[in-house]
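Asker:
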Amino acid sequence: MKMIPQSLLKEPYQYYGDSPTIKKYTLWKLYDYYIVKLAKNQIPLGGSSGKFSEEYDIVYDGTSVKSNRAELYETKPLGIISPMKDKLSKIHYYLIKSHAYRVVLRNGDYKLLFTAPLYEAVIPQHLIIDVYGKTSLELDLDYKNTRSLRSTFIELHLHDSSKLNLLINLNDSINSPSNINIGIKQEKYTLLNLLYLTIAGKMTRFTITDLLDGEDSESNIRGTVFTTKQNRIDNITDIVSRNRDTYSKYLFTSLVSDKGVVGQRGVGKIYDNAWGSGIEYYSEALLLSDDAKAYLQPRLEIDTGDVKIAKHAARNIHILPEQIFYLQTRGIDYDSARKLVITGYLIKEIPTTIYTSKIISSIKKVLDSIIT
(Lines of atoms letter the chains of each structure in order from A and count residues from 1; the text may use other names and numbers.)
(Lines give C-alpha, C1' and ligand atoms only; values in the text may rest on other atoms or scores of the structure.)
Protein backbone atom coordinates (compact mmCIF):
# COMPACT_ATOMS: atom_id res chain seq x y z
CA MET A 1 0.00 0.00 0.00
CA LYS A 2 1.36 3.45 -0.92
CA MET A 3 0.36 6.72 0.67
CA ILE A 4 0.21 9.90 -1.35
CA PRO A 5 1.43 13.16 0.22
CA GLN A 6 -1.08 15.60 1.63
CA SER A 7 0.32 18.25 -0.72
CA LEU A 8 -1.28 16.52 -3.70
CA LEU A 9 -4.69 16.89 -2.09
CA LYS A 10 -4.32 20.66 -2.41
CA GLU A 11 -3.72 20.56 -6.16
CA PRO A 12 -6.61 21.77 -8.38
CA TYR A 13 -8.46 19.13 -10.39
CA GLN A 14 -8.81 21.40 -13.37
CA TYR A 15 -6.15 22.52 -15.78
CA TYR A 16 -6.07 25.47 -18.16
CA GLY A 17 -8.83 25.15 -20.73
CA ASP A 18 -11.42 23.45 -18.52
CA SER A 19 -14.56 25.56 -18.56
CA PRO A 20 -16.80 26.69 -15.68
CA THR A 21 -19.59 24.59 -17.20
CA ILE A 22 -17.52 21.42 -16.92
CA LYS A 23 -16.43 22.31 -13.40
CA LYS A 24 -20.08 22.39 -12.42
CA TYR A 25 -21.06 19.12 -14.06
CA THR A 26 -18.03 16.96 -13.23
CA LEU A 27 -18.49 14.98 -10.01
CA TRP A 28 -15.10 15.56 -8.42
CA LYS A 29 -16.39 14.39 -5.03
CA LEU A 30 -16.35 10.80 -6.34
CA TYR A 31 -12.61 11.09 -7.02
CA ASP A 32 -12.07 12.68 -3.61
CA TYR A 33 -13.57 9.65 -1.86
CA TYR A 34 -10.74 7.44 -3.11
CA ILE A 35 -7.93 9.99 -3.09
CA VAL A 36 -8.52 11.10 0.49
CA LYS A 37 -8.65 7.47 1.66
CA LEU A 38 -5.47 6.72 -0.27
CA ALA A 39 -3.73 9.67 1.36
CA LYS A 40 -4.74 8.25 4.74
CA ASN A 41 -3.41 4.81 3.78
CA GLN A 42 -6.91 3.34 4.05
CA ILE A 43 -7.23 1.77 0.61
CA PRO A 44 -5.05 -0.77 -1.26
CA LEU A 45 -3.19 0.05 -4.45
CA GLY A 46 -3.55 -2.14 -7.51
CA GLY A 47 -3.76 -5.89 -7.43
CA SER A 48 -4.45 -8.60 -9.98
CA SER A 49 -7.86 -9.69 -11.19
CA GLY A 50 -6.55 -13.13 -12.06
CA LYS A 51 -8.18 -12.89 -15.48
CA PHE A 52 -6.41 -14.02 -18.63
CA SER A 53 -8.03 -14.99 -21.89
CA GLU A 54 -6.19 -16.61 -24.78
CA GLU A 55 -8.03 -14.37 -27.24
CA TYR A 56 -5.90 -11.41 -26.06
CA ASP A 57 -2.26 -10.81 -26.88
CA ILE A 58 -1.80 -8.61 -23.81
CA VAL A 59 -3.84 -8.51 -20.57
CA TYR A 60 -3.27 -5.69 -18.08
CA ASP A 61 -5.32 -6.77 -15.07
CA GLY A 62 -4.83 -4.31 -12.27
CA THR A 63 -1.09 -3.75 -11.86
CA SER A 64 0.25 -6.92 -13.52
CA VAL A 65 0.71 -7.47 -17.25
CA LYS A 66 0.65 -10.79 -19.09
CA SER A 67 1.82 -11.22 -22.68
CA ASN A 68 0.73 -13.93 -25.06
CA ARG A 69 2.74 -13.21 -28.22
CA ALA A 70 3.65 -9.50 -28.33
CA GLU A 71 7.02 -8.07 -27.26
CA LEU A 72 6.70 -6.66 -23.74
CA TYR A 73 9.16 -5.09 -21.32
CA GLU A 74 9.37 -2.55 -18.50
CA THR A 75 10.34 1.06 -19.16
CA LYS A 76 9.56 4.69 -18.28
CA PRO A 77 6.67 6.83 -19.60
CA LEU A 78 7.28 8.57 -22.92
CA GLY A 79 5.93 11.92 -21.79
CA ILE A 80 3.27 12.27 -24.51
CA ILE A 81 0.81 12.69 -21.63
CA SER A 82 1.98 15.50 -19.38
CA PRO A 83 2.76 14.42 -15.80
CA MET A 84 2.00 17.92 -14.51
CA LYS A 85 -1.28 18.75 -16.21
CA ASP A 86 -3.82 18.37 -13.40
CA LYS A 87 -4.39 16.72 -10.03
CA LEU A 88 -5.39 13.32 -11.41
CA SER A 89 -2.34 13.17 -13.70
CA LYS A 90 0.02 14.18 -10.90
CA ILE A 91 -1.38 11.47 -8.63
CA HIS A 92 -1.07 8.91 -11.44
CA TYR A 93 2.61 9.68 -12.05
CA TYR A 94 3.30 9.71 -8.33
CA LEU A 95 1.80 6.24 -7.91
CA ILE A 96 3.59 4.61 -10.85
CA LYS A 97 6.96 6.15 -9.86
CA SER A 98 8.16 6.42 -13.48
CA HIS A 99 7.34 2.75 -14.06
CA ALA A 100 5.47 1.64 -17.17
CA TYR A 101 5.15 -1.34 -19.48
CA ARG A 102 6.00 -1.18 -23.16
CA VAL A 103 4.61 -3.36 -25.94
CA VAL A 104 5.84 -3.47 -29.54
CA LEU A 105 3.37 -4.20 -32.35
CA ARG A 106 4.72 -4.98 -35.81
CA ASN A 107 2.66 -5.62 -38.94
CA GLY A 108 -0.26 -7.65 -37.69
CA ASP A 109 -3.59 -7.88 -35.91
CA TYR A 110 -3.59 -7.56 -32.13
CA LYS A 111 -6.07 -7.52 -29.26
CA LEU A 112 -5.37 -6.06 -25.80
CA LEU A 113 -7.42 -6.08 -22.59
CA PHE A 114 -7.35 -3.69 -19.64
CA THR A 115 -9.31 -4.80 -16.59
CA ALA A 116 -9.15 -4.46 -12.81
CA PRO A 117 -9.80 -6.46 -9.62
CA LEU A 118 -13.27 -6.49 -8.11
CA TYR A 119 -12.31 -5.09 -4.72
CA GLU A 120 -12.14 -1.41 -3.80
CA ALA A 121 -8.71 -0.08 -4.76
CA VAL A 122 -6.82 2.56 -6.69
CA ILE A 123 -5.64 1.08 -10.00
CA PRO A 124 -2.87 3.01 -11.86
CA GLN A 125 -2.05 1.45 -15.25
CA HIS A 126 0.49 2.84 -17.72
CA LEU A 127 1.20 1.20 -21.08
CA ILE A 128 3.31 2.38 -24.01
CA ILE A 129 2.47 0.94 -27.43
CA ASP A 130 5.06 1.19 -30.22
CA VAL A 131 3.59 0.70 -33.69
CA TYR A 132 5.63 -0.30 -36.75
CA GLY A 133 4.32 -1.08 -40.21
CA LYS A 134 0.66 -1.79 -40.91
CA THR A 135 -1.09 -2.74 -37.69
CA SER A 136 -4.65 -3.40 -36.56
CA LEU A 137 -5.45 -3.18 -32.86
CA GLU A 138 -8.55 -3.75 -30.75
CA LEU A 139 -8.10 -2.27 -27.29
CA ASP A 140 -10.71 -3.36 -24.72
CA LEU A 141 -10.97 -1.36 -21.50
CA ASP A 142 -13.50 -3.45 -19.61
CA TYR A 143 -14.02 -2.32 -16.03
CA LYS A 144 -17.57 -3.53 -15.42
CA ASN A 145 -18.22 -4.88 -11.91
CA THR A 146 -15.03 -3.36 -10.47
CA ARG A 147 -15.10 -1.01 -7.47
CA SER A 148 -11.84 0.83 -8.04
CA LEU A 149 -10.71 4.30 -9.03
CA ARG A 150 -9.02 3.60 -12.36
CA SER A 151 -6.19 5.73 -13.68
CA THR A 152 -5.34 4.24 -17.08
CA PHE A 153 -2.74 5.99 -19.24
CA ILE A 154 -1.88 4.68 -22.72
CA GLU A 155 0.82 6.27 -24.88
CA LEU A 156 0.77 5.31 -28.57
CA HIS A 157 3.86 5.97 -30.69
CA LEU A 158 3.38 5.61 -34.46
CA HIS A 159 6.84 5.37 -36.01
CA ASP A 160 7.72 6.61 -39.51
CA SER A 161 5.41 5.41 -42.30
CA SER A 162 3.33 3.22 -39.99
CA LYS A 163 -0.43 2.79 -40.25
CA LEU A 164 -2.69 1.96 -37.31
CA ASN A 165 -6.35 1.00 -37.45
CA LEU A 166 -7.47 1.20 -33.82
CA LEU A 167 -10.72 0.38 -32.04
CA ILE A 168 -11.07 1.31 -28.36
CA ASN A 169 -13.96 -0.27 -26.45
CA LEU A 170 -14.44 1.38 -23.05
CA ASN A 171 -17.02 -0.27 -20.79
CA ASP A 172 -17.04 1.87 -17.68
CA SER A 173 -20.62 1.19 -16.54
CA ILE A 174 -19.98 1.17 -12.79
CA ASN A 175 -20.37 3.51 -9.82
CA SER A 176 -16.70 4.28 -9.18
CA PRO A 177 -14.94 7.05 -11.13
CA SER A 178 -12.23 6.69 -13.76
CA ASN A 179 -9.51 8.73 -15.44
CA ILE A 180 -8.67 7.35 -18.89
CA ASN A 181 -5.93 9.18 -20.80
CA ILE A 182 -4.80 8.32 -24.35
CA GLY A 183 -1.73 10.11 -25.73
CA ILE A 184 -0.71 9.65 -29.39
CA LYS A 185 2.49 10.72 -31.15
CA GLN A 186 2.58 10.44 -34.95
CA GLU A 187 5.84 10.65 -36.85
CA LYS A 188 6.15 11.44 -40.56
CA TYR A 189 4.00 9.70 -43.18
CA THR A 190 1.85 7.97 -40.54
CA LEU A 191 -1.88 7.27 -40.73
CA LEU A 192 -4.16 6.75 -37.74
CA ASN A 193 -7.75 5.57 -38.02
CA LEU A 194 -9.23 5.58 -34.52
CA LEU A 195 -12.76 4.68 -33.44
CA TYR A 196 -13.67 4.69 -29.77
CA LEU A 197 -16.95 3.40 -28.33
CA THR A 198 -17.63 4.38 -24.73
CA ILE A 199 -20.29 3.30 -22.24
CA ALA A 200 -19.95 5.87 -19.47
CA GLY A 201 -19.94 5.09 -15.78
CA LYS A 202 -21.16 7.22 -12.92
CA MET A 203 -18.23 9.56 -13.63
CA THR A 204 -15.88 8.89 -16.55
CA ARG A 205 -13.10 11.29 -17.52
CA PHE A 206 -11.71 10.33 -20.95
CA THR A 207 -8.92 12.36 -22.55
CA ILE A 208 -7.32 11.96 -25.97
CA THR A 209 -4.29 13.94 -27.16
CA ASP A 210 -3.11 13.43 -30.75
CA LEU A 211 0.23 15.03 -31.65
CA LEU A 212 0.89 15.11 -35.39
CA ASP A 213 4.64 15.69 -35.12
CA GLY A 214 5.74 14.36 -38.49
CA GLU A 215 5.14 15.88 -41.90
CA ASP A 216 2.38 14.33 -44.02
CA SER A 217 0.87 12.59 -41.00
CA GLU A 218 -2.90 12.06 -40.89
CA SER A 219 -5.51 11.04 -38.33
CA ASN A 220 -9.20 10.24 -38.57
CA ILE A 221 -10.80 9.98 -35.13
CA ARG A 222 -14.42 9.04 -34.53
CA GLY A 223 -15.86 8.86 -31.01
CA THR A 224 -19.24 7.51 -29.91
CA VAL A 225 -20.33 7.87 -26.29
CA PHE A 226 -23.42 6.51 -24.52
CA THR A 227 -24.70 7.77 -21.17
CA THR A 228 -27.84 6.74 -19.31
CA LYS A 229 -29.39 6.90 -15.82
CA GLN A 230 -27.39 9.64 -14.04
CA ASN A 231 -24.03 8.68 -15.53
CA ARG A 232 -21.62 11.33 -16.74
CA ILE A 233 -18.66 11.57 -19.06
CA ASP A 234 -16.13 14.34 -19.44
CA ASN A 235 -14.50 13.81 -22.86
CA ILE A 236 -11.54 16.02 -23.80
CA THR A 237 -9.91 15.64 -27.22
CA ASP A 238 -6.97 17.80 -28.28
CA ILE A 239 -5.48 17.46 -31.77
CA VAL A 240 -2.22 19.31 -32.39
CA SER A 241 -0.48 19.74 -35.76
CA ARG A 242 3.21 20.48 -35.21
CA ASN A 243 4.58 19.88 -38.70
CA ARG A 244 3.71 20.72 -42.28
CA ASP A 245 1.12 19.05 -44.52
CA THR A 246 -0.74 17.23 -41.76
CA TYR A 247 -4.47 16.57 -41.69
CA SER A 248 -6.89 15.50 -38.98
CA LYS A 249 -10.64 15.00 -38.83
CA TYR A 250 -12.44 14.46 -35.53
CA LEU A 251 -16.13 13.62 -35.15
CA PHE A 252 -17.69 13.13 -31.73
CA THR A 253 -21.23 11.80 -31.39
CA SER A 254 -23.06 10.97 -28.19
CA LEU A 255 -26.32 9.29 -27.25
CA VAL A 256 -27.70 10.75 -24.01
CA SER A 257 -30.77 9.32 -22.26
CA ASP A 258 -32.51 9.58 -18.87
CA LYS A 259 -30.55 12.08 -16.74
CA GLY A 260 -27.21 11.39 -18.37
CA VAL A 261 -24.68 14.21 -18.86
CA VAL A 262 -22.06 14.55 -21.59
CA GLY A 263 -19.33 17.17 -21.55
CA GLN A 264 -17.16 17.24 -24.68
CA ARG A 265 -14.56 19.82 -25.53
CA GLY A 266 -11.09 20.23 -26.86
CA VAL A 267 -8.93 22.16 -29.25
CA GLY A 268 -7.72 21.62 -32.77
CA LYS A 269 -4.44 23.52 -33.00
CA ILE A 270 -2.17 24.20 -35.97
CA TYR A 271 1.25 25.64 -35.10
CA ASP A 272 2.92 28.35 -37.17
CA ASN A 273 5.40 25.86 -38.66
CA ALA A 274 2.60 23.47 -39.68
CA TRP A 275 1.86 25.23 -42.96
CA GLY A 276 -0.24 23.39 -45.50
CA SER A 277 -2.08 21.50 -42.75
CA GLY A 278 -5.80 21.09 -42.14
CA ILE A 279 -8.15 20.19 -39.33
CA GLU A 280 -11.87 19.50 -38.92
CA TYR A 281 -13.43 19.21 -35.47
CA TYR A 282 -17.12 18.33 -35.03
CA SER A 283 -19.04 17.55 -31.86
CA GLU A 284 -22.70 16.65 -31.46
CA ALA A 285 -25.18 14.93 -29.15
CA LEU A 286 -28.49 13.16 -29.67
CA LEU A 287 -30.67 13.85 -26.61
CA LEU A 288 -33.27 11.16 -25.96
CA SER A 289 -35.01 12.71 -22.95
CA ASP A 290 -35.95 16.12 -21.57
CA ASP A 291 -33.52 15.66 -18.66
CA ALA A 292 -30.53 14.62 -20.79
CA LYS A 293 -27.77 17.23 -21.04
CA ALA A 294 -24.81 17.78 -23.34
CA TYR A 295 -22.23 20.56 -23.19
CA LEU A 296 -20.14 20.73 -26.37
CA GLN A 297 -17.27 23.20 -26.71
CA PRO A 298 -14.91 22.52 -29.64
CA ARG A 299 -12.51 25.26 -30.65
CA LEU A 300 -9.67 25.91 -33.09
CA GLU A 301 -6.35 27.71 -32.67
CA ILE A 302 -4.62 28.49 -35.96
CA ASP A 303 -1.16 30.10 -35.82
CA THR A 304 -0.44 30.13 -39.56
CA GLY A 305 -2.18 31.72 -42.52
CA ASP A 306 -1.36 28.79 -44.79
CA VAL A 307 -3.94 26.06 -44.06
CA LYS A 308 -5.83 23.68 -46.32
CA ILE A 309 -8.96 23.59 -44.19
CA ALA A 310 -10.03 24.67 -40.70
CA LYS A 311 -13.59 23.87 -39.62
CA HIS A 312 -15.39 23.22 -36.36
CA ALA A 313 -19.02 22.92 -35.26
CA ALA A 314 -21.20 21.71 -32.40
CA ARG A 315 -24.88 20.88 -32.08
CA ASN A 316 -27.44 19.17 -29.85
CA ILE A 317 -30.19 17.34 -31.73
CA HIS A 318 -33.38 15.41 -30.98
CA ILE A 319 -35.31 12.73 -32.80
CA LEU A 320 -37.89 14.62 -34.84
CA PRO A 321 -41.51 13.40 -34.75
CA GLU A 322 -41.67 13.60 -38.54
CA GLN A 323 -38.77 11.12 -38.79
CA ILE A 324 -40.72 8.57 -36.76
CA PHE A 325 -43.95 9.37 -38.60
CA TYR A 326 -42.35 8.86 -42.00
CA LEU A 327 -41.11 5.40 -41.05
CA GLN A 328 -44.48 4.53 -39.52
CA THR A 329 -46.16 5.36 -42.82
CA ARG A 330 -43.96 2.65 -44.31
CA GLY A 331 -45.42 0.06 -41.93
CA ILE A 332 -42.77 0.23 -39.21
CA ASP A 333 -43.94 0.35 -35.59
CA TYR A 334 -42.86 3.17 -33.26
CA ASP A 335 -40.15 1.30 -31.32
CA SER A 336 -38.58 -0.10 -34.48
CA ALA A 337 -38.70 3.30 -36.16
CA ARG A 338 -37.00 4.94 -33.20
CA LYS A 339 -34.31 2.26 -33.21
CA LEU A 340 -33.68 2.80 -36.92
CA VAL A 341 -33.19 6.54 -36.43
CA ILE A 342 -30.76 5.98 -33.54
CA THR A 343 -28.87 3.32 -35.50
CA GLY A 344 -28.49 5.63 -38.47
CA TYR A 345 -27.17 8.37 -36.23
CA LEU A 346 -24.60 6.16 -34.53
CA ILE A 347 -23.19 4.41 -37.57
CA LYS A 348 -22.77 7.44 -39.80
CA GLU A 349 -19.21 7.99 -40.92
CA ILE A 350 -17.91 4.87 -39.16
CA PRO A 351 -15.24 3.69 -41.63
CA THR A 352 -16.12 0.01 -41.47
CA THR A 353 -14.31 -0.81 -44.72
CA ILE A 354 -10.87 -0.18 -43.22
CA TYR A 355 -11.18 -2.53 -40.23
CA THR A 356 -10.74 -6.29 -39.98
CA SER A 357 -13.79 -8.56 -39.82
CA LYS A 358 -13.13 -9.24 -36.12
CA ILE A 359 -13.14 -5.54 -35.29
CA ILE A 360 -16.29 -4.98 -37.35
CA SER A 361 -17.95 -7.75 -35.36
CA SER A 362 -16.93 -6.05 -32.11
CA ILE A 363 -18.28 -2.70 -33.33
CA LYS A 364 -21.65 -4.22 -34.21
CA LYS A 365 -21.83 -6.03 -30.87
CA VAL A 366 -21.24 -2.84 -28.88
CA LEU A 367 -23.67 -0.77 -30.96
CA ASP A 368 -26.36 -3.44 -30.67
CA SER A 369 -26.00 -3.45 -26.88
CA ILE A 370 -26.29 0.35 -26.79
CA ILE A 371 -29.29 0.61 -29.08
CA THR A 372 -31.14 -2.24 -27.40
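Okay, so the sequence shown: first residue is 13 according to the numbering used here, each after it adds one. Using N, Cα and C, we set each Cβ at its ideal position, and we do this for glycine too. Bear in mind the structure is a predicted one, so any value in this text is a computation, not a measurement.
By DSSP's criteria, residue 289 is part of a beta bridge. Which residues make up the other side?
Answerer: Answer by DSSP bridge pairing, in chain order: 319.
Asker: From what residue to what residue does the alpha helix (DSSP H) around residue 333 run?
Answerer: Per DSSP, residue 333 belongs to the alpha helix (DSSP H) from 333-340.
Asker: Run the CB neighbour count on residue 327, radius 10 Å, all protein chains shown included, and call it buried at 16 or more, exposed below.
Answerer: So residue 327 counts as exposed.
Asker: To which residues of the same chain is residue 253 closer than 6 Å at the C-beta, ignoring the five residues directly before and after it?
Answerer: Excluding positions up to five away in sequence, the list reads 224, 282, 286 and 289.
Asker: From what residue to what residue does the beta strand (DSSP E) around residue 278 run?
Answerer: Element bounds for residue 278: 273-282.
Asker: Per DSSP, residue 310 is paired with what?
Answerer: In the DSSP output, where bridge partners are listed per residue, residue 310 has 278.
Asker: For residue 84, which residues from the same chain have a beta carbon less than 6 Å from its beta carbon, with the 5 sequence-adjacent residues on both sides left out?
Answerer: Taken in chain order, the residues that qualify are 115.
Asker: Quick check on this structure: which residue in 141, 16, 176 and 307 has the alpha carbon closest to the alpha carbon of residue 102?
Answerer: Residue 102 has its Cα closest to that of 16, out of 141, 16, 176 and 307.
Asker: With DSSP as the reference, identify every bridge partner of residue 104, one or two as the case may be.
Answerer: Its beta-bridge partners do not exist; DSSP assigns none.
Asker: Which of helix, strand or coil does DSSP assign to residue 256?
Answerer: Coil, per DSSP.
Asker: DSSP three-state call for residue 350: helix, strand or coil?
Answerer: Correct three-state label for residue 350: helix.
Asker: Taking residue 86 and residue 113 to be in contact with their CB atoms under 8 Å, please state how far apart those CB atoms are, rounded to whole angstroms.
Answerer: With 8 Å as the limit, residue 86 and residue 113 qualify as a contact, their Cβ atoms being about 6 Å apart.
Asker: Would residue 268 and residue 308 qualify as a contact pair, given that the criterion is a beta-carbon distance under 8 Å?
Answerer: Not closer than 8 Å, so no.
Asker: Please tell me whether, using a cut-off of 7 Å, the distance from the CB of residue 292 to the nearest non-hydrogen atom of the ligand ATP is below it.
Answerer: In the structure shown, the ligand ATP is absent, as is every other ligand, since no ligand is present at all.
Asker: To the nearest whole angstrom, what separates the beta carbons of residue 230 and residue 260, a pair I think is in contact under 8 Å?
Answerer: Contact holds; Cβ gap of about 7 Å.
Asker: Measuring straight from C-alpha to C-alpha, what distance separates residue 188 and residue 55?
Answerer: Approximately 14 Å, taken between the alpha carbons.
Asker: Is the beta carbon of residue 246 sitting closer than 8 Å to the one on residue 217?
Answerer: Contact flag set, yes.
Asker: When the Cα of residue 195 is compared with those of 164, 214 and 212, which residue comes out closest?
Answerer: Considering only alpha carbons, the answer is 164.
Asker: Decide if the stretch 62-80 is in contact with the stretch 306-325; the criterion is three or more beta carbon pairs, one per stretch, under 8 Å apart.
Answerer: With a cut-off of 8 Å, the stretch 306-325 and the stretch 62-80 do not count as touching, because too few Cβ pairs lie within range.
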